[in-house]
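Engineer: Numbering (the numbering used here), first residue to last: 1113 to 1517.
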Ligand SMILES: Cc1cc2nc3c(=O)[nH]c(=O)nc-3n(C[C@H](O)[C@H](O)[C@H](O)COP(=O)(O)O)c2cc1C
């Protein structure tokens, strides 16, 4: 067939109502979707963003390669990172028409705290690698947009400064250490600063194989030691103020011997509520509650822990079933759109945390970027609720979701 004749046939097929119904038409439709080349466009201000991925492009363009690699990396061949996104495609929305959704509300409560939105800022370490204002910019955005913030204990800024920037308390995330005195010191400091909840991360007790990070680092010709130092106790405390006075270094992070007793030890030194982050199985959800967890947080660390190849949203249902309403269930890993967040709420999550989505925006534009991401995700979630017919977070349930076989 000549080129002109072939174009005519393609034009006919494209206009045909059969497209999408015949095998040939479906193939063509899919191919044509893949073939759409997005124009090369980097947004210049947060207001130009159409979705969170616009911030990702700017962050990749702006950040030094090693810092971008740290943000982007998964483990091994990024199997879990990919699964986190792919898994959403197997869930579809079931819209109920003709419900009055003129007044959609995102308000909810979590561990007794009233929240304006179920969207929470996940703990992300070392935000100084992404923007000079670091966690202070994130905290100010959390304040203006009314969102709960979980502060990493490997933050560039201290909990006292972050609470001051947010104007109210934050939740404190703790990586366990193999020196109990270090953990105890941080727990006591966080509680003194006003934190009422500690989030214990349990998914990095052994190290993780971050190949993508290494691939970016080796393309970065800057001298890392001019900022990071040489890994001494002093360098570590300078970059991680929560460890100041502890004598700790990164070597103290390996805790392969940690078991569920650790929750009892925490309970012994603090009255903060305890959330266990990094749960992906019903067995661990049950153990966490038995060990005294006040909430269970489903997460595979954004695909940065192990190469399970299992998306977080896929592990959510068995955890929700095991928890059986006894404590709240939180979830993160791979959430980028209002539809993603809605799906988790429909599967029984009480709140959804975001990681890279807000860090892309922090890297791109600082506080106004993070504000825009929160504003967009709230608007997207409200829109989905309107589309399916749910007026409130409490209304959202399994009736609105189906699983593709
Ligand atoms: C750069 C980076 C640093 C992170 N630092 C921490 C941390 O200090 N503590 C922690 O519990 N989780 C940490 N996480 C994991 C996040 O809390 C969260 O589980 C993950 O980002 C969710 O996946 P997402 O990025 O796909 O949204 C980090 C994630 C990233 C991307």
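Even glycine gets a Cβ: it sits at the ideal position worked out from N, Cα and C. From a predicted model like this one, the values you see are computed outputs, not experimental measurements.
Contact defined as beta carbons within less than 8 Å: I believe residue 1301 pairs with residue 1271. What is the distance between those atoms, to the nearest angstrom?
Structural biologist: Numbered from its first residue, the chain shown carries residue 1301 at position 189. Numbered from its first residue, the chain shown carries residue 1271 at position 159. Contact holds; Cβ gap of about 7 Å.
Engineer: So, helix, strand or coil for residue 1162, using DSSP?
Structural biologist: Numbered from 1 along the chain shown, position 50 holds the residue referred to as residue 1162. Three-state result, residue 1162: coil.
Engineer: I need the boundaries of the beta strand (DSSP E) containing residue 1442, first residue and last residue.
Structural biologist: Stepping through the chain shown from its first residue, residue 1442 is reached at position 330. Residue 1442 -> beta strand (DSSP E) spans 1441 to 1443.
Engineer: So what's residue 1450 in DSSP terms, helix, strand or just coil?
Structural biologist: For the purposes of this step, residue 1450 is taken as residue 338 along the chain shown, with counting starting at 1. Helix, per DSSP.
Engineer: Among 1311, 1276, 1282, 1377, whose alpha-carbon lies nearest the alpha-carbon of residue 1293?
Structural biologist: The count along the chain shown starts at 1 and reaches residue 1293 at position 181. Looking at the Cα atoms, 1377 is the closest of the given residues.
Engineer: Going by other Cβ atoms of all chains shown within 10 Å of its Cβ, with 16 needed for buried, is residue 1517 buried or exposed?
Structural biologist: As a working mapping, residue 1517 is identified with position 405 in the chain shown. By the neighbour-count rule (16 or more Cβ atoms within 10 Å), residue 1517 is not buried but exposed.
Engineer: Excluding sequence positions up to five away, which residues of its chain have a Cβ less than 8 Å from the Cβ of residue 1324?
Structural biologist: As a working note, residue 1324 is residue 212 in the chain shown. Excluding residues within five positions, the ones whose Cβ falls inside 8 Å are 1181, 1184, 1185, 1186, 1190.
Engineer: Since residue 1518 sits in a beta bridge, which residues does DSSP pair it with?
Structural biologist: Any question about residue 1518 goes unanswered here, given that the chain covers just 1113 to 1517.
Engineer: Below 8 Å between beta carbons: does that hold for residue 1222 and residue 1440?
Structural biologist: In the chain shown, residue 1222 corresponds to position 110, counting from 1. In the chain shown, residue 1440 corresponds to position 328, counting from 1. Cβ atoms of residue 1222 and residue 1440: closer than 8 Å.
Engineer: Excluding the five sequence neighbours on either side, which residues of its own chain have a C-beta within less than 7 Å of the C-beta of residue 1434, listed in chain order?
Structural biologist: Locating residue 1434 in the chain shown gives position 322, where the first residue counts as 1. Cβ within range, chain order: 1394, 1397, 1398.
Engineer: Within 10 angstroms of its Cβ, does residue 1336 collect 16 or more other Cβ (buried), or is it exposed?
Structural biologist: By 1-based counting over the chain shown, the position of residue 1336 is 224. Counting Cβ neighbours within 10 Å, residue 1336 comes out exposed, since fewer than 16 surround it.
Engineer: Check the Cβ-Cβ distances between residue 1300 and every residue of chain B, and say whether any is below 8 Å.
Structural biologist: The structure shown contains no chain B, having only a single protein chain.
Engineer: Could you tell me the alpha carbon to alpha carbon distance between residue 1407 and residue 1340, rounded to whole angstroms?
Structural biologist: In the chain shown, residue 1407 corresponds to position 295, counting from 1. In the chain shown, residue 1340 corresponds to position 228, counting from 1. Rounded to whole angstroms, residue 1407 to residue 1340 spans 35 Å at the Cα level.
Engineer: Which residues bound the alpha helix (DSSP H) around residue 1480?
Structural biologist: Position 368 of the chain shown, counted from the first residue, corresponds to residue 1480. Here the alpha helix (DSSP H) through residue 1480 covers 1479 to 1500.
Engineer: If you reduce the DSSP assignment to three classes, tell me which class residue 1229 lands in.
Structural biologist: Against the chain shown, residue 1229 aligns to sequence position 117. In the structure shown, residue 1229 sits in coil (DSSP, three-state: anything other than H, G, I, E or B).
Engineer: Could you check how far apart the C-beta atoms of residue 1366 and residue 1319 are, in whole angstroms? I think they sit under 8 Å.
Structural biologist: Within the chain shown, residue 1366 is the residue found at index 254, counting from 1. Within the chain shown, residue 1319 is the residue found at index 207, counting from 1. About 7 Å separates the two Cβ atoms, so the contact holds.
Engineer: Please check the pair residue 1442 and residue 1387, which I expect to be a contact at CB under 8 Å, by giving their CB distance rounded to whole angstroms.
Structural biologist: Mapped onto the chain shown, residue 1442 falls at position 330. Mapped onto the chain shown, residue 1387 falls at position 275. So it is a contact: roughly 7 Å between Cβ atoms.
Engineer: Closest by CA to residue 1423, which one among 1438, 1431, 1436, 1446?
Structural biologist: What you label residue 1423 is simply residue 311 of the chain shown in a count that begins at 1. Residue 1423 has its Cα closest to that of 1446, out of 1438, 1431, 1436, 1446.
Engineer: Does the contact criterion of 3 or more C-beta pairs under 8 Å hold for the region 1256 to 1265 versus the region 1230 to 1238?
Structural biologist: Short answer: they touch.
Engineer: If distances are taken between C-alpha atoms only, which option among 1500, 1483, 1157 comes closest to residue 1250?
Structural biologist: Along the chain shown, read from residue 1 onward, the residue named residue 1250 stands at position 138. Of 1500, 1483, 1157, the residue nearest in Cα terms is 1483.
Engineer: Suppose contacts are defined by Cβ-Cβ distances below 8 Å. Is residue 1206 in contact with residue 1513 by that definition?
Structural biologist: Against the chain shown, residue 1206 aligns to sequence position 94. Against the chain shown, residue 1513 aligns to sequence position 401. Yes, they are a contact pair.
Engineer: Bridge partners of residue 1466, per DSSP?
Structural biologist: Reading the chain shown from its first residue, position 354 is the one you call residue 1466. For residue 1466, which the question treats as bridged, DSSP gives the partners 1233.
Engineer: Is the closest heavy atom of ligand 1 to the C-beta of residue 1545 under 7 Å?
Structural biologist: With the chain running from 1113 to 1517 in the structure shown, residue 1545 is simply not present.
Engineer: Give me whichever residues DSSP pairs with residue 1285 in a beta bridge.
Structural biologist: As a working note, residue 1285 is residue 173 in the chain shown. DSSP lists 1264, 1311 as partners of residue 1285.
Engineer: Indicate whether residue 1164 and residue 1154 have their beta-carbon atoms separated by less than 8 Å.
Structural biologist: Working through the chain shown from its first residue, we reach residue 1164 at position 52. Working through the chain shown from its first residue, we reach residue 1154 at position 42. Not a contact, by the Cβ cut-off of 8 Å.
Engineer: Who are the Cβ neighbours of residue 1115 in its own chain at under 8 Å, not counting the five residues just before and after it?
Structural biologist: Numbered from its first residue, the chain shown carries residue 1115 at position 3. A caution first: residue 1115 carries a pLDDT of 47, below 50, which makes its placement in the model unreliable, though a value can still be read off. Taken in chain order, the list of residues that qualify is empty.
Engineer: Could you compute how far the alpha carbon of residue 1414 sits from the alpha carbon of residue 1215?
Structural biologist: Within the chain shown, numbered from 1, the residue matching residue 1414 stands at position 302. Within the chain shown, numbered from 1, the residue matching residue 1215 stands at position 103. For residue 1414 and residue 1215, the distance between alpha carbons rounds to 33 Å.
Engineer: In the DSSP output, which residue or residues are listed as bridge partners for residue 1513?
Structural biologist: As a first step, residue 1513 is located in the chain shown; it is residue number 401 there, counting from the start. Answer is 1205, bridged to residue 1513.
Engineer: Give the straight-line distance between the Cα atoms of residue 1450 and residue 1313, rounded to the nearest whole angstrom.
Structural biologist: Here residue 1450 corresponds to residue number 338 of the chain shown, with the count starting at 1. Here residue 1313 corresponds to residue number 201 of the chain shown, with the count starting at 1. When rounded, the distance between both Cα atoms is 25 Å.
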